[in-house]
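A.B. asks: Numbering-wise (the numbering used here), the sequence shown opens with residue 57 and increments by one.
For each residue, glycine too, the CB sits at the ideal point set by N, CA and C.
Small disclaimer: the values here were computed from a predicted structure and weren't measured.
Please read through the structure below; I'll follow up with questions.
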Amino acid sequence: MRFENRRAVVTGGASGIGAAVAKRIEAEGGAVVIWDVNGGIRTDVSDYVSVENALTQTVAAIGGVDILVNSAGITGPTVPLAEFPVDEWQRVMAINLNGAFHANRAVVPLMTAQNYGRIVNIASIAGKEGNP
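Shown next, in the form of structure tokens:
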């Protein structure tokens, strides 16, 4: 029961790796709140106000945050660079980069005040290797 008495937030936890992480934390005794546009506390991580609202709801529901897993992310279209729409690029960066910053920024003051916290930022191999 590694996560007994721990409270976790998993962004992007409605599907994929985030959903698996959330299930594992729960299976090992943790309380989990999902921040996702498709489930849990409906949260748009690209919007800081949405993240702040989700944090307020999370604290009310489980009392705080000990663990944050940033798993929300999108790839955007798989097209040659010259065809990649600029607005889609901005959307990818808003979710994948700004979203992680927003979630981290929101929870760190709580973690600092309680003198405990763990943050895991998950990224795609596409960030390192790229897509053909």
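Compute the Euclidean distance between the alpha carbons of Gln-146 and Gly-132, then round it to the nearest angstrom.
C.D. replies: The residue you call residue 146 lines up with position 90 of the sequence shown. The residue you call residue 132 lines up with position 76 of the sequence shown. If you take the alpha carbons of Gln-146 and Gly-132, they lie about 10 Å apart.
A.B. asks: By Cβ distance below 6 Å, which residues in the same chain neighbour Gly-86 in space, the five residues on each side in sequence not counted?
C.D. replies: The residue given as residue 86 occupies position 30 in the sequence shown. Taken in chain order, the residues that qualify are Phe-59, Arg-62 and Ala-64.
A.B. asks: Nearest to Gly-95 by CA position, among Gly-69, Asn-154 and Val-105, is which residue?
C.D. replies: Residue mapping note: residue 95 aligns to position 39 of the sequence shown, counting from 1. Among Gly-69, Asn-154 and Val-105, the Cα nearest to that of Gly-95 belongs to Gly-69.
A.B. asks: With DSSP as the reference, identify every bridge partner of Gly-74, one or two as the case may be.
C.D. replies: On the sequence shown, position 18 is the one that residue 74 refers to. Looking at the DSSP assignment, Gly-74 forms no beta bridge with any residue, so it has no partner.
A.B. asks: Exposed or buried, what is Ser-102 when buried is set at 16 or more other beta-carbons lying within 10 Å of its beta-carbon?
C.D. replies: Residue mapping note: residue 102 aligns to position 46 of the sequence shown, counting from 1. Answer is buried; the Cβ neighbour count reaches 16.
A.B. asks: Spell out a yes or no on whether the stretch 132-143 and the stretch 75-94 are touching, meaning 3 or more CB-CB pairs, one atom from each, closer than 8 Å.
C.D. replies: Between the stretch 132-143 and the stretch 75-94, the count of C-beta pairs closer than 8 Å stays below three; the two stretches do not touch.
A.B. asks: What are the boundary residues of the alpha helix (DSSP H) that includes Asp-143?
C.D. replies: Along the sequence shown, one-based indexing puts residue 143 at 87. Residues 142-149.
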